[in-house]
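Protein chains in written order, with this note's numbering: chain A, 1 to 211; chain B, 1001 to 1311. Yeah, the Cβ is synthetic: ideal placement off N, Cα and C, and Gly gets one too.
Here it is, written out as structure tokens:
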């Protein structure tokens, strides 16, 4: 790995087909408290590599601890949302599968925010994705870690705090996030197929009326 | 999968048919009054009196199919002739019609020949609105020859059945082309409708229904509508066209074809509504499975802690 970035620059991690080039994205090679090296790979691989990268990043990023608010007494706020104390924030990581699909992981001392942009190949997938993710976001309390409103530029966001890490198992939480991403893709594809199938059946019945 | 028919394909009103069958099968005279409101500002009023057994009065108020240049109030003589042809012995036109309605019919159940034919006759009576509309469209098309603009080409006829949902019929030498400008309220409705139109075109081309009219979709007005007003040609769902040939209007098929075309807009809206409902149901069922996964993450931790505390 080379000298890499310094400061608050966003680190872009893209995946080449067939594996990682140069650096390794294992647990021991990412330190969120230090400036990141710039690892650039070409995106050509399957969903699996993308999800593995996200999983490993979350595994490294989900080291949260309780930290009372420095500005207001007896308050405890997720610092990743406020962003008022730069020393409490770590460098965000943007993982891009392609231009349409990406994952932004923003970490602070006591909270972690994950924002996802889901692929939308056409208008129908676009509206189905919007409807479905808005449906889930409106019921965020059922998921506990889901944010009611996605971060701007993304389709859905999660907010994980140190309290969630105390109540839930870390690896299960990461499994849930990764599984959620897979399920969303699968559900949108199935919904699209069902809508088209229904349309075809109705069209066939309508045209049969003329015969 | 159980096959169900969409109500808008049925020419006979299901609710009206059920009420008339109940009156026909009743053992003793019934005194009933029903007001039915159906899609497209259609209203029925059914009344029977205990003092008049075996008789029922059916009043109808329906939007009249008209062209943009002529506004028709009530039913013309040819329309009434069509109504009279429906079960001539059983149905009698009462004049004047009941207040607020365009037509009132007196139905004599004693004149219905046999129980076996009763359902067919009552179905025909329940289809009176479809018969009126078919008659109106035939009447309009027979006057089209006066609007010929060039040899073999005719001016498009704008037909208004539902308010704000006009459609066009263009008569050509070998066929009729029906063009539907599609306007929908929401952007998501437009996307679902476009997906449906794509399937409609694909099914038409695939050979599944080779004898069905050819169907086309275009985001811009077709050439046949050149010269029409911009207000009528401004749409968000594009234009759907059907080519109707002689085989589609021959004999009894004419009424079916006319009915299907008149209800095309209603079908599109119904399909969009049902699709949105289906998507909503699917999302709800998926929500439960996704929430279970979150609960699983919490349950494991709580389980571990309770074991730790016990020990």
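Can you look up residue 1017(B) in the DSSP assignment and give me helix, strand or coil?
Within the second chain, the letter at position 17 stands for residue 1017(B). In the structure shown, residue 1017(B) sits in a helix (DSSP, three-state: H, G or I).
Applying a beta-carbon distance threshold of less than 8 Å, which residues of chain B neighbour residue 65(A)?
In the first chain, the residue the question calls residue 65(A) occupies position 65. What residue 65(A) touches in chain B: nothing, since even the nearest Cβ is about 17 Å away.
Look at the alpha carbon of residue 1243(B) and the alpha carbon of residue 1162(B), and state the distance between them as a whole number of angstroms.
Working through the second chain from its first residue, we reach residue 1243(B) at position 243. Working through the second chain from its first residue, we reach residue 1162(B) at position 162. So the two alpha carbons sit approximately 22 Å from each other.
Distance cutoff 7 Å, beta carbons only. Does residue 1230(B) sit that close to anything in chain A?
Position 230 of the second chain holds residue 1230(B). No, its Cβ sits nowhere closer than 7 Å to a Cβ of chain A.
Express the C-alpha separation of residue 1165(B) and residue 1049(B) in angstroms, rounding to a whole number.
Walking along the second chain from the start, residue 1049(B) turns up at place 49. Walking along the second chain from the start, residue 1165(B) turns up at place 165. Those two C-alpha atoms are separated by around 39 Å.
Using the beta-carbon of each residue, which ones in chain A are nearer than 8 Å to residue 1262(B)?
Position 262 of the second chain, counted from the first residue, corresponds to residue 1262(B). The contacting residues do not exist; residue 1262(B) stays about 12 Å from chain A at best.
Which residue wins for smallest C-alpha separation from residue 1011(B), given the options 1283(B), 1275(B), 1176(B) and 1130(B)?
Position 11 of the second chain, counted from the start, is the residue given in the question as residue 1011(B). The residue with the shortest Cα to Cα distance from residue 1011(B) is 1130(B).
Could you work out which residues of chain B lie near residue 149(A), taking near to mean beta carbons separated by less than 7 Å?
For the purposes of this step, residue 149(A) is taken as residue 149 along the first chain, with counting starting at 1. Near residue 149(A) there are no residues of chain B at all, since even the closest Cβ is about 18 Å away, more than 7 Å.
With DSSP as the reference, identify every bridge partner of residue 1168(B), one or two as the case may be.
One-based indexing of the second chain puts residue 1168(B) at position 168. For residue 1168(B), DSSP records a beta bridge to 1158(B) and 1179(B).
Once DSSP output is grouped into helix, strand and coil, what is the label at residue 207(A)?
Indexing the first chain from 1 puts residue 207(A) at position 207. Residue state, collapsed to three classes: helix.
If you compare alpha carbons, which of 89(A), 99(A), 136(A) and 115(A) is closest to residue 187(A)?
Mapped onto the first chain, residue 187(A) falls at position 187. Measuring from the Cα of residue 187(A), the nearest candidate turns out to be 136(A).
Hey, how far is the Cα of residue 1198(B) from the Cα of residue 1175(B)?
Against the second chain, residue 1198(B) aligns to sequence position 198. Against the second chain, residue 1175(B) aligns to sequence position 175. Distance between the alpha carbons of residue 1198(B) and residue 1175(B): 23 Å.
When DSSP labels each residue in this structure, what does residue 152(A) get in the three-state scheme?
Walking along the first chain from the start, residue 152(A) turns up at place 152. Reduced to three states, the DSSP call for residue 152(A) is coil.
Determine whether the Cβ of residue 1087(B) lies closer than 7 Å to any Cβ atom of chain A.
Within the second chain, residue 1087(B) is the residue found at index 87, counting from 1. Judged by the 7 Å Cβ criterion, residue 1087(B) is not in contact with chain A.
Measuring CA to CA, which of 163(A), 74(A), 190(A) and 96(A) is closest to residue 62(A)?
Here residue 62(A) refers to the residue found at position 62 when the first chain is read from its first residue. Among 163(A), 74(A), 190(A) and 96(A), the Cα nearest to that of residue 62(A) belongs to 163(A).
With 7 Å set as the bound, which would you pick, yes or no: does the beta-carbon of residue 209(A) sit closer than that to a beta-carbon of chain B?
Taking the first residue of the first chain as 1, we reach residue 209(A) at position 209. Residue 209(A) counts as touching chain B.
Could you please give me the residues that DSSP links to residue 1217(B) through a beta bridge?
Counting from one through the second chain, the residue named residue 1217(B) turns up at place 217. Residue 1217(B) pairs with 1240(B).
Determine the chain E residues that contact residue 129(A) at a beta-carbon separation under 9 Å, and present them in chain order.
Note that chain E does not occur in the displayed structure, where the protein chains are A and B.
Quick one: residues in its chain with C-beta nearer than 6 Å to the C-beta of residue 1019(B), no 5 flanking neighbours on either side, listed in chain order?
Position 19 of the second chain, counted from the first residue, corresponds to residue 1019(B). Leaving aside the five residues that flank residue 1019(B) on each side, the residues in its chain whose CB is nearer than 6 Å to its CB run, in chain order, 1034 and 1046.
Going by beta-carbon coordinates alone, are residue 1216(B) and residue 1241(B) separated by less than 7 Å?
Against the second chain, residue 1216(B) aligns to sequence position 216. Against the second chain, residue 1241(B) aligns to sequence position 241. A Cβ-Cβ contact shorter than 7 Å links residue 1216(B) with residue 1241(B).
Would you mind telling me which residues of chain A sit closer than 7 Å to residue 1248(B), beta carbon to beta carbon, in chain order?
For this step, residue 1248(B) is matched to residue 248 along the second chain. Per Cβ cutoff of 7 Å: 210.
Check the C-beta distance from residue 212(A) over to residue 124(A) and give it rounded, since I have them as a contact under 8 Å.
In this structure chain A extends from 1 to 211, so residue 212(A) is not present and cannot be described.
For residue 1092(B) versus residue 1106(B), is the C-beta spacing smaller than 7 Å?
On the second chain, position 92 is the one that residue 1092(B) refers to. On the second chain, position 106 is the one that residue 1106(B) refers to. Cβ atoms of residue 1092(B) and residue 1106(B): closer than 7 Å.
If we call anything under 7 Å between Cβ atoms a contact, is residue 1179(B) one with residue 1168(B)?
Sequence index remark: in the second chain, residue 1179(B) carries index 179 (1-based). Sequence index remark: in the second chain, residue 1168(B) carries index 168 (1-based). In contact: residue 1179(B) and residue 1168(B) (Cβ atoms closer than 7 Å).
In the DSSP assignment, find the beta strand (DSSP E) that holds residue 1037(B) and state where it starts and stops.
Here residue 1037(B) refers to the residue found at position 37 when the second chain is read from its first residue. From DSSP, the beta strand (DSSP E) with residue 1037(B) extends over 1032-1038.
Pull up the distance between the alpha-carbon of residue 213(A) and that of residue 1231(B), whole angstroms please.
This structure leaves residue 213(A) out entirely; chain A is present only between 1 and 211.
Would you say residue 137(A) faces chain B, with C-beta separation under 7 Å as the test?
For the purposes of this step, residue 137(A) is taken as the residue at position 137 of the first chain. Interface residue (Cβ-Cβ distance to chain B less than 7 Å): residue 137(A) is not classified as such.
Could you give the residue range of the alpha helix (DSSP H) that holds residue 52(A)?
Here residue 52(A) corresponds to residue number 52 of the first chain, with the count starting at 1. Annotation: the continuous alpha helix (DSSP H) that includes residue 52(A) extends over 47-61.
Identify which residue in 1016(B), 1268(B) and 1286(B) has its Cα closest to the Cα of residue 1128(B).
Taking the first residue of the second chain as 1, we reach residue 1128(B) at position 128. Across the set 1016(B), 1268(B) and 1286(B), the C-alpha of 1016(B) shows the shortest separation from the C-alpha of residue 1128(B).
Quick one: residues in its chain with C-beta nearer than 8 Å to the C-beta of residue 190(A), no 5 flanking neighbours on either side, listed in chain order?
In the first chain, the residue the question calls residue 190(A) occupies position 190. Cβ neighbours of residue 190(A) beyond the five flanking positions: none.
From 1085(B), 1044(B) and 1109(B), pick the residue whose C-alpha is nearest to that of residue 1027(B); which is it?
Within the second chain, residue 1027(B) is the residue found at index 27, counting from 1. Cα-wise, what sits closest to residue 1027(B) is 1109(B).
Under a Cβ-count criterion, where at least 16 other Cβ atoms within 10 Å of its own Cβ denotes burial, should residue 1209(B) be classed as buried or exposed?
As a position in the second chain, residue 1209(B) is number 209, starting the count at 1. With 16 or more Cβ atoms within 10 Å of its Cβ, residue 1209(B) is classed as buried.
Using a threshold of 7 Å, state whether the C-beta atoms of residue 1041(B) and residue 1014(B) are closer than that.
For the purposes of this step, residue 1041(B) is taken as the residue at position 41 of the second chain. For the purposes of this step, residue 1014(B) is taken as the residue at position 14 of the second chain. No, they are not a contact pair.
Apart from the five residues just before and just after residue 1133(B), which ones in its own chain have a Cβ nearer than 8 Å to its Cβ?
As a working note, residue 1133(B) is residue 133 in the second chain. Spatial neighbours of residue 1133(B) in its own chain (CB-CB distance under 8 Å, excluding positions within 5 residues in sequence) are listed in chain order as 1062, 1065, 1161, 1258, 1259 and 1262.
At the 7 Å Cβ level, is residue 161(A) part of the contact set with chain B, yes or no?
For this step, residue 161(A) is matched to residue 161 along the first chain. By this cut-off, residue 161(A) is not an interface position.
If distances are taken between C-alpha atoms only, which option among 1030(B), 1181(B), 1226(B) and 1122(B) comes closest to residue 1265(B)?
Looking up residue 1265(B) in the second chain gives position 265. Closest option to residue 1265(B), Cα to Cα, is 1181(B).
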